[in-house]
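Have a look at the structure below, then the notes.
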Amino acid sequence: MLTLGEVHTTLLLRAGALGGRPAADALDLVPGGRVRRSERPNRYAVSAEQYTGVDCGLRTGPHARTRGVGTVAHHAVLVGGRVVQGSAYTTVVRGRENRRLAWSHYLASPGVIETIGRADARPLADGFLGAPEHPDSLHLGAISDRMIDSVQQRGADEGGRPPVRGRRLRLRWTAIETDERPGVVFGVDGDHARTARLRGRGVTAVAVAFCEDLALHDWLITTVTRVIDGARIGVAPSEKVVGHLRPAAESLLDLWMPGARADAVATELWTSLENHPGFSRQWLAGAHRVRDQLALGACAPPGRT
C-alpha cells in the first residue's frame, strides 16, 4: 500500500494567537462539518475532511507516468493558535479494470486514487517526490495552499502582522507499508522544500498525523534559526538583539512538543529522527541561545542600575 501527501506550514497572519471559539470558526470550512479541538498537551484544532476529485498523471520516472483517477483528502490544522497547516493526501491502489470508470465508483472510496495500468509503489513514490511540477500531474501542493488560504481569510486580523516572519515550507511525503520495522528518511531540498519517506509496519495508518507533526517541528526549527541568524548576535547592540529575539521566544518556543499525540508506530518514527538528524538537539541549541540572550539583556550593564 502506498500513501502520498503534502503538508504546507506557515504562520497565521495575525498579531495574537487564535484560540477557543474563534479558532474553531477559522477552521469551519465545511458546512455541517465538525472541527476537532484539543487543549492538552497544547492547543490543536483540525478542520473537517474534504475531498477533491482528480484525473491526472502519476510520475513513475523522469519520462514515464501512469494515469490515476480518484479523490484527494485534505484538511487544515491550527497549532497553538499561531501556526496553520494545509494537508492533502491520498492512497494509491491499482484499479481493478484497465479503464476509467464512472465517478460514482471513485466517490465510493474517498481519499483513494486508482491507477489505470500497472504501477509499482516504489516508482510511484520516487516519481512523486522527485518529479518537477507539471500541469497534468498530481499536484497536492495546490490543494494544501488552498486550505491555508481559506484559514487565513477567516482567521487573520486587520493588520495581518504575525510576531515573527515565517516562510511557508513544504513537506512532501510517501508511506509504503512493508513487513519491516517502521523508519523514516528525512531530506532537505533547498530553503522551502522537505521530503520524508516512511516505510514499515503500520506506517500508512499514522503517516498523515506524523508528517503534519514533522512538518510543524521542521518549520519551527527553520523559523527560529532564521530569527537567530537575523539577530546579529555579538554584532548588534544587546537591546536590539533582545528586541529581535523576544517575539520568537514569546510566540514559538512553547510549541515544541514532537510526538505529543503519537502512538507506538509514530513514536518509533520520531525516535529514528531523534537519532538522525537529531531534531531536538538542534532545537534545544537554538532555544537555549535565544533564552541566554534574553537573560543577558535583562542584566543591567556595569555602572547602571
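Just so we're aligned, residue 0 is where the sequence shown starts under numbering that gives the first Met the number 0, counting upward by one. Ideal placement from N, C-alpha and C gives every residue a C-beta, glycine not left out. Quick caveat, the model's predicted, so the values are computed rather than measured.
Given 8 Å, three or more beta-carbon pairs between the stretch 109 to 119 and the stretch 62 to 77
yes
DSSP three-state assignment for residue 234, whether helix, strand or coil
The residue you call residue 234 lines up with position 235 of the sequence shown. Correct three-state label for residue 234: coil.
Limits of the unbroken alpha helix (DSSP H) element including residue 86:
Residue 86 sits at position 87 when you count from the first residue of the sequence shown. It is not in any alpha helix (DSSP H) - residue 86 instead sits in the beta strand (DSSP E) that spans 82 to 93.
Report the residue from 108, 264, 220, 227 whose alpha carbon sits nearest the alpha carbon of residue 242.
To locate residue 242, count along the sequence shown from 1; it is residue 243. Comparing Cα-Cα distances from residue 242 to each of 108, 264, 220, 227, the minimum goes to 227.
Measuring alpha carbon to alpha carbon, tell me which of 72, 42, 218, 76 ends up nearest residue 168.
Working through the sequence shown from its first residue, we reach residue 168 at position 169. Minimum Cα distance to residue 168 is reached at 218.
Check residue 52 in the structure and name its three-state DSSP category.
Start at 1 with the first residue of the sequence shown, and residue 52 comes out as number 53. It is a strand residue.
Whole angstroms are fine: how far does the CA of residue 39 sit from the CA of residue 121?
As a first step, residue 121 is located in the sequence shown; it is residue number 122 there, counting from the start. As a first step, residue 39 is located in the sequence shown; it is residue number 40 there, counting from the start. Answer to the nearest angstrom: the Cα atoms are 38 Å apart.
Inter-stretch contact at 8 Å, needing at least 3 Cβ pairs: the stretch 180 to 187 / the stretch 246 to 256:
no
Please say whether residue 162 and residue 109 have beta carbons closer to each other than 7 Å?
For the purposes of this step, residue 109 is identified with residue 110 of the sequence shown, where counting begins at 1. For the purposes of this step, residue 162 is identified with residue 163 of the sequence shown, where counting begins at 1. No. Outside cutoff.
For residue 42, the three-state DSSP class (helix, strand or coil):
Stepping through the sequence shown from its first residue, residue 42 is reached at position 43. Looking at residue 42 - three-state DSSP - the assignment turns out to be coil, as it is neither helix nor strand.
DSSP-derived helix/strand/coil call for residue 135:
Here the question's residue 135 lines up with position 136 in the sequence shown. Reduced to three states, the DSSP call for residue 135 is coil.
For residue 32, which residues of its own chain have a beta-carbon under 6 Å away from its beta-carbon, when the five flanking residues on both sides are left out?
Here residue 32 corresponds to residue number 33 of the sequence shown, with the count starting at 1. Within the same chain, residue 32 has close Cβ partners 47.
Exposed or buried, which one is residue 74 when buried takes at least 16 other CB atoms within 10 Å?
Working through the sequence shown from its first residue, we reach residue 74 at position 75. Buried, by the Cβ-count rule.
CB of residue 165 within 7 Å of CB of residue 9, strictly:
Taking the first residue of the sequence shown as 1, we reach residue 165 at position 166. Taking the first residue of the sequence shown as 1, we reach residue 9 at position 10. A contact, by the Cβ cut-off of 7 Å.
Once the 5 residues before and after residue 205 are set aside, which same chain residues still bring their CB inside 7 Å of it?
Start at 1 with the first residue of the sequence shown, and residue 205 comes out as number 206. Contacts found: 262, 264, 265.
Which value, in whole angstroms, describes the spacing of the CA atoms of residue 142 and residue 86?
In the sequence shown, counting from the first residue as 1, residue 142 sits at position 143. In the sequence shown, counting from the first residue as 1, residue 86 sits at position 87. Rounded to whole angstroms, residue 142 to residue 86 spans 8 Å at the Cα level.
Run through DSSP, which three-state label would residue 79 get?
Start at 1 with the first residue of the sequence shown, and residue 79 comes out as number 80. If DSSP states are grouped into helix, strand and coil, residue 79 belongs with coil.
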